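Peer 1:
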Amino acid sequence: MTTPESQPPAIDGYRHVGYLGSGGFGEVHHYQHVGTDAAVAIKILRDGALAAGGAQQLLQEARALGRLSASGPHPNIVAVQDVGVVRGRPYLVMELCAGGSWATQITDHGRIYPSVVLSVGIQIAGALHLAHEAGIVHRDIKPGNILLGARVGGHGIPKLADFGIAAQTAEEVSRGSVWLSRDYAAPEVVLSRGADRMSDIFSLAATLYHALSGNSWVRRPGGDNSVEALEERIIAGRVPPIAGNDVPEELQWLIRSAMHADPKVRARNVATARDFALRLQDIQIREGYDRTLVPIGDAVTLVPDLPDFTAPPVVAAVRETPPPIVIPDYDSVPFDSIAMESAPPKPPRDDRADTERARPIPAAPAEEPTRDQPRRRGLRRVALIAAAVLVVGGGVVAANLLGEPDTGPSTTVTRPPADGGAVPNADVLPVPVVAARNDAAGVPTFTWTYSPTDPGDRFNLQQEGQAKAQILTEAKWTPSADAGKGVCIRVSVIRNGRLGTPSERFCA
Numbered sequence: 001m002t003t004p005e006s007q008p009p010a011i012d013g014y015r016h017v018g019y020l021g022s023g024g025f026g027e028v029h030h031y032q033h034v035g036t037d038a039a040v041a042i043k044i045l046r047d048g049a050l051a052a053g054g055a056q057q058l059l060q061e062a063r064a065l066g067r068l069s070a071s072g073p074h075p076n077i078v079a080v081q082d083v084g085v086v087r088g089r090p091y092l093v094m095e096l097c098a099g100g101s102w103a104t105q106i107t108d109h110g111r112i113y114p115s116v117v118l119s120v121g122i123q124i125a126g127a128l129h130l131a132h133e134a135g136i137v138h139r140d141i142k143p144g145n146i147l148l149g150a151r152v153g154g155h156g157i158p159k160l161a162d163f164g165i166a167a168q169t170a171e172e173v174s175r176g177s178v179w180l181s182r183d184y185a186a187p188e189v190v191l192s193r194g195a196d197r198m199s200d201i202f203s204l205a206a207t208l209y210h211a212l213s214g215n216s217w218v219r220r221p222g223g224d225n226s227v228e229a230l231e232e233r234i235i236a237g238r239v240p241p242i243a244g245n246d247v248p249e250e251l252q253w254l255i256r257s258a259m260h261a262d263p264k265v266r267a268r269n270v271a272t273a274r275d276f277a278l279r280l281q282d283i284q285i286r287e288g289y290d291r292t293l294v295p296i297g298d299a300v301t302l303v304p305d306l307p308d309f310t311a312p313p314v315v316a317a318v319r320e321t322p323p324p325i326v327i328p329d330y331d332s333v334p335f336d337s338i339a340m341e342s343a344p345p346k347p348p349r350d351d352r353a354d355t356e357r358a359r360p361i362p363a364a365p366a367e368e369p370t371r372d373q374p375r376r377r378g379l380r381r382v383a384l385i386a387a388a389v390l391v392v393g394g395g396v397v398a399a400n401l402l403g404e405p406d407t408g409p410s411t412t413v414t415r416p417p418a419d420g421g422a423v424p425n426a427d428v429l430p431v432p433v434v435a436a437r438n439d440a441a442g443v444p445t446f447t448w449t450y451s452p453t454d455p456g457d458r459f460n461l462q463q464e465g466q467a468k469a470q471i472l473t474e475a476k477w478t479p480s481a482d483a484g485k486g487v488c489i490r491v492s493v494i495r496n497g498r499l500g501t502p503s504e505r506f507c508a
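Heads up, the sequence shown is in full-length UniProt numbering, so the first residue is 1 and it goes up one at a time.
#1: Is the beta carbon of S203 less than 8 Å from the beta carbon of K159?
#2: Which residue from G26, H30, D275, V190 puts its Cα closest to that of E228?
#3: Candidates P90, E464, R139: which alpha carbon is nearest G194's?
#4: At what residues does the alpha helix (DSSP H) containing N269 begin and finish?
#5: Specify whether the region 102 to 117 and the region 204 to 214 touch according to this definition: at least 3 beta carbon pairs, one from each stretch, less than 8 Å apart.
#6: For V117, which of G456, R291, V433 has the nearest alpha-carbon?
#7: Among V434, P75, E232, which one has its Cα closest to the Cα of S451?
#8: Identify whether M198 lies in helix, strand or coil by the three-state DSSP scheme.
#9: Rounded to the nearest angstrom, how far is the Cβ of I44 from that of Y31, given a contact under 8 Å?
#10: What beta strand (DSSP E) runs, 3 residues minimum, are completely inside the region 77 to 122?
#11: In the DSSP assignment, find the unbroken alpha helix (DSSP H) run with A273 in it and report its ends.
#12: Tell me whether I141 sits in a helix, a strand or coil according to DSSP, three-state version.
#13: Helix, strand or coil: how does DSSP classify T501 here?
#14: Are the CB atoms of A267 and M198 nearer to each other than 8 Å?
#15: With DSSP run on the structure shown, which of helix, strand or coil describes T207?
#16: Per DSSP, what kind of secondary structure is L147 in: helix, strand or coil?
#17: Who are the near neighbours of G486 in its chain, counting only those whose CB is closer than 7 Å to its CB and skipping five residues on each side?
#18: Buried or exposed: where does V34 fall if 16 or more other Cβ atoms within 10 Å of its Cβ makes it buried?
#19: Considering just the uninterrupted stretch of the beta strand (DSSP E) at P248, what are its terminal residues?
#20: Over the uninterrupted beta strand (DSSP E) stretch that includes V493, give me the two end residues.
#21: Hey, L148 and C97: beta-carbon distance below 8 Å or not?
#22: Could you compute how far the alpha carbon of D162 sits from the alpha carbon of P241?
#23: Less than 6 Å between C-beta atoms, sequence neighbours within five positions excluded: which residues of the same chain meet that for S492?
#24: Based on the DSSP output, what are the partners of R458 in its beta bridges?
#25: Measure the C-alpha to C-alpha separation of T449 and A475 and round it to an integer number of angstroms.
#26: Assign S6 to one of three DSSP states: helix, strand, or coil.
#27: Could you name the residues of the same chain whose beta carbon sits closer than 8 Å to that of I235, not counting the 5 residues immediately before and after it, in chain order?
#28: Determine the closest residue to N438 out of Q462, T453, G484, A469, with distance taken between C-alpha atoms.
#29: Looking at the secondary structure, which residues open and close the alpha helix (DSSP H) in which A229 lies?
#30: Which residues does DSSP list as the beta-bridge partners of W448?
#31: What number of angstroms, rounded off, separates the C-alpha of P73 from the C-alpha of E231?
#32: Can you tell me which of R286, E27, G13, Y289 puts its alpha carbon nearest to the alpha carbon of D37?
#33: With burial defined as no fewer than 16 other Cβ atoms inside 10 Å of the residue's Cβ, what is the status of D200: buried or exposed?
#34: Determine, using beta carbons only, whether V265 and A277 come nearer to each other than 8 Å.
#35: Can you tell me whether DSSP reads S181 as helix, strand or coil?
#36: So that I know if they touch, is there some Cβ in chain D lying closer than 8 Å to that of D183?
Put into structure tokens, the structure is as follows:
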């Protein structure tokens with residue numbers, strides 16, 4: 001949209017300069033303060049966008065945002081300077097972020113350097129921590145709501161925008177289909193249209209995933225990306241690995257664990273936004289990047305020197321299926337547990353004071369090294385051997401997580417075979433292909449095939465609508481006669497105490 005839907009209203013004390021854009025329920029315009037000539041952005045909600053009483057709720061939300069700056073403005077939150085109502089339409093007066101949005105950066109340049117993603121993630125997680133401590137849930141974290149503020153050294157400091165506005169609109173009350181950004185929404189939001197702190201953490205992790213890969217985790221290029229298909233993938237919670245051989249393994253795991261489908265498991269993986277910020281910082285330090293201090297205190301300063309956001313294309317072999325999961329008690333495993341992975345050990349960290357300084361994004365090198373190339377300043381990646389312990393259903397399983405050895409500079413990149421003839425990975429269990437045939441009474445019998453097979457294989461069958469999975473010893477299953485029509489299932493292979501990736505959903 002390049003033009004506003006209606007003429008911008010005259011607002012006392014401000015002079016209209018131009019139209020900036022639109023978001024779910026409002027339009028954003030560039031205004032100038034008449035007395036000071038200061039440039040501001042004013043977001044005005046469209047006519048009819050508010051539910052009954054929504055205007056008062058919006059003003060209350062804006063006042064809550066004012067609490068975030070009670071001890072001074074946070075450098076990574078777009079400051080709200082004033083609120084008001086003009087011709088029945090509420091508006092917010094905000095600082096103008098002339099650098100545009102992170103969504104534009106990703107669209108224009110594709111993948112973003114891991115060093116930059118870490119820095120942005122640390123700063124936005126710090127801002128989110130402050131909001132959560134004030135009892136505010138953002139509800140719509142995405143690249144488009146991360147703006148680039150005042151230009152220092154060529155680029156703007158990342159700032160989180162649009163706190164809570166989406167939660168006050170009529171569309172959300174009725175269904176939530178407009179405000180909901182499915183590319184970054186947590187499963188519980190898709191299911192209930194409700195959000196909490198853990199939903200915000202999921203959305204931030206999904207945003208970082210998008211920046212690293214250049215694509216939304218839930219969309220399939222050339223595939224079915226209808227609303228129904230997207231929501232089914234979100235609820236299933238099978239987050240694929242991030243493409244690109246320059247993404248540190250520990251960052252891969254942290255982002256995907258913060259996107260676990262079960263918010264309770266997510267909370268065990270990443271307890272708070274502050275914890276997420278500090279763990280991103282740990283990775284940043286171990287990878288040899290400039291340190292970004294976590295902006296979670298009152299005393300903050302801005303340090304110049306900002307990067308080029310773009311990343312060169314990196315071709316990497318992408319694993320089609322995640323590694324199998326070790327589970328001790330098959331009968332107690334819910335279907336959603338397929339998304340769980342063993343975590344690398346959390347390294348000991350020095351106690352840090354809550355008050356640390358915020359900084360702009362650190363400068364990126366002209367060409368980001370791949371994981372097999374030496375880091376800048378002569379740092380080389382060292383192979384790590386770590387033991388992770390995962391407690392599932394009362395069982396304890398140890399797994400070795402091995403880093404690749406540093407073999408020196410290399411320009412060779414492994415590509416998947418063009419003919420699809422990849423060498424089978426013994427650590428990845430086969431994914432069944434399900435079929436079905438109805439008998440004379442219309443009752444289906446499901447069967448499935450896969451390769452390679454093993455005489456000791458068993459099967460985890462999850463019937464849609466049933467809370468508990470069934471464990472089978474044969475590659476076939478017939479539902480009860482009273483199950484009705486449209487029975488849908490997914491099947492996973494169980495082999496040597498490991499649960500594989502489930503099949504595609506199949507209905508009969």
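Even glycine gets a Cβ: it sits at the ideal position worked out from N, Cα and C.
Only a predicted model underlies this, so the values are computations on that prediction, with no experimental measurement involved.
Peer 2: Taking the definition as stated:
#1: no
#2: V190
#3: R139
#4: 263 to 269
#5: yes
#6: R291
#7: V434
#8: helix
#9: So it is not a contact: roughly 10 Å between Cβ atoms.
#10: 80 to 86, 89 to 95
#11: 273 to 286
#12: coil
#13: coil
#14: yes
#15: helix
#16: strand
#17: C507
#18: exposed
#19: Careful: P248 lies outside any beta strand (DSSP E) and carries neither H nor E.
#20: 488 to 495
#21: yes
#22: 29 Å
#23: N460, L499, G500, P502
#24: I494
#25: 7 Å
#26: coil
#27: P187, V190, L191, A261
#28: G484
#29: 227 to 236
#30: V434
#31: 37 Å
#32: G13
#33: buried
#34: no
#35: coil
#36: Absent from the structure is chain D; it holds one protein chain and no more.
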